[in-house]
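Using my numbering, read the sequence shown as starting at 18 and increasing by one per residue. Notes follow once the structure below has been shown.
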Amino acid sequence: MEPPQKRAPVKGTRLDLMSEQSAPSPTPATEISSEPASPLPQEIANALKRDPSGLVAAIVQQHDTHEVLMLGWMDDEALHRTMTSGRVTFYSRSRQEYWRKGDTSGHVQFVKSVALDCDGDALLIRVDQIGAACHTGTRTCFDGRDLAVVTGHRE
């Protein structure tokens, strides 16, 4: 009796794409990504537009006076920590590590709200700032740094 003949797989099917020696390829639903899974809810992770380093600008504002305090950078993990701990966490581009505002200085930022801008490429973190926001010891990172400009007027 002759062994059964193998039928040629239909072109473009899963069988056509596999060789007999290799393990089956994962289906699209189970493919393994080279990117680590985001700790953020999927809706938020999908809405963020990160720079090539995976970071988003985070503008920090005093919640009651609306004073702009500083600009920092966050990746998904820093944003997750900020949203779930009640304290602001940034990602340091120079040191390549997370840092929580106030851990060494005592100048803590307590989170009041977090908003994503219309393009998804910037965050507004409203906080209750304790002490100086700037590492130089000033209330904001913009104190005394006004540039000379021609001011505009309504006509």
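Ideal Cβ placement from N, Cα and C applies to all residues, glycine included.
Original post:
Does the Cβ-Cβ distance between G103 and V128 come in under 8 Å?
Top reply: For G103 and V128, yes; Cβs fall inside 8 Å.
Original post:
To which residues of the same chain is E114 closer than 8 Å at the C-beta, ignoring the five residues directly before and after it?
Top reply: Answer for E114: Y108, listed in chain order.
Original post:
What's the C-alpha gap between H146 and E94?
Top reply: For the sequence presented, residue 146 should be read as Gln rather than His. Q146 and E94: Cα-Cα distance of roughly 22 Å.
Original post:
Going straight from the alpha carbon of T157 to that of L96, what length do you get?
Top reply: Cα to Cα, T157 sits roughly 21 Å from L96.
Subject >> Counted within 10 angstroms of its Cβ, other Cβ atoms place G154 as buried (16 or more) or exposed >> reply: Of the residues assessed, G154 falls on the exposed side of the cut-off, its CB having fewer than 16 other CB atoms within 10 angstroms.
**OP:** Would you please state the rounded distance, in angstroms, between the beta carbons of V73 and A139? I believe it to be under 8 Å.
**Re:** With a Cβ gap of about 7 Å, V73 and A139 count as contacting.
Original post:
In terms of alpha-carbon separation, which member of G169, H170, C151 and T168 lies closest to G161?
Top reply: It is C151 whose Cα lies nearest to the Cα of G161.
Subject >> DSSP three-state assignment for R162, whether helix, strand or coil >> reply: Note: R162 maps to coil in three-state DSSP.
Original post:
What is the DSSP secondary structure of S111, reduced to helix, strand or coil?
Top reply: If DSSP states are grouped into helix, strand and coil, S111 belongs with coil.
Subject >> Limits of the unbroken alpha helix (DSSP H) element including A95 >> reply: For A95, the enclosing alpha helix (DSSP H) stretches over residues D93 to S102.
Subject >> 6 Å CB neighbourhood of K118 in its chain, flanking five on each side removed >> reply: These residues qualify, in order along the chain: V105 and Q126.
Original post:
Hey, how far is the Cα of R112 from the Cα of L133?
Top reply: For R112 and L133, the distance between alpha carbons rounds to 25 Å.
Original post:
What residues match up with R117 in a beta bridge as DSSP calls it?
Top reply: Beta-bridge pairing links R117 to T106.
Original post:
Under a Cβ-count criterion, where at least 16 other Cβ atoms within 10 Å of its own Cβ denotes burial, should V144 be classed as buried or exposed?
Top reply: The residue in question, V144, is buried, as its Cβ has 16 or more Cβ neighbours within 10 Å.
**OP:** Under 7 Å Cβ to Cβ from R67, same chain only, skipping five residues before and after it: list those, please.
**Re:** Here the set comprises V73.
**OP:** Would you identify the three-state DSSP class for I61, choosing helix, strand or coil?
**Re:** I61: helix per DSSP, three-state reduction.
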